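Under this note's numbering, the first residue of the sequence shown is numbered 346, with each subsequent residue one higher.
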Amino acid sequence: EGVNLKNESDWHGFTLAAAGGASYERHFGRVNVRPEAYVEYFSLSEDARSERGGGDGFDLDIDKRDGHLFSGVAAVNIGYGFGKDGWIRPELRLGWRQNFSVDAGSTTARFASGGDAFTLSPASIEGGGPILGFRLNVGNDLGMLAITGDAELLEDYVRYTLLLRASFKF
């Protein structure tokens, strides 16, 4: 039979997320062009904590940890409207994401039963890279349904997103 250990800890912390930006859309007949720029900030703060219940060699005392990510995006979206009033509009998105400041925060811990501290240092997501994406909007005067996909191709990190969004006017 295998080993089955369980421990518990009171774990407190908080996150902070803030973003701001601007965009402008211009129509040239059925073609639309929308440049955009925005910045994002994400912060994580975790208090120190002690695990109990798993026993020697399993429970940890973990130090306080802080981390943050501050990045910016500049992109342009180019679309074409089909149907009456452009109610079907595919768009292509091209842009750049730049990480200005990154500190993922190292985790320092020690076994509660004693011993030297050890540190787990995460890989960092430095620099910037291109963004390639698409959006398909389907809508009318009452609302819109959109599917959006992006690939962010940073130097040491690739992130894919796929979103489905609905909006309704009342």
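Glycine is no exception: its CB is placed at the ideal position from the N, C-alpha and C atoms.
Just so you know, these numbers come straight off a predicted model, no measurement behind them.
With respect to F403, L350 sits close: the two C-beta atoms are nearer than 7 Å. Pairing F456 with L509, the inter-Cα distance amounts to about 45 Å. In this structure, the beta-carbon distance from I476 to Y502 does not fall below 7 Å. Distances from the CA of V421 to each of L414, Y383, F415 were compared; the closest alpha carbon is that of Y383. The stretch 476 to 496 and the stretch 444 to 455 do not touch, with fewer than 3 CB-CB distances between them shorter than 8 Å.
Residue environment for N485: exposed (fewer than 16 other C-beta atoms within 10 angstroms of its C-beta). The alpha carbon of E436 has as its nearest neighbour, out of Q443, A468, A363, V483, the alpha carbon of V483.
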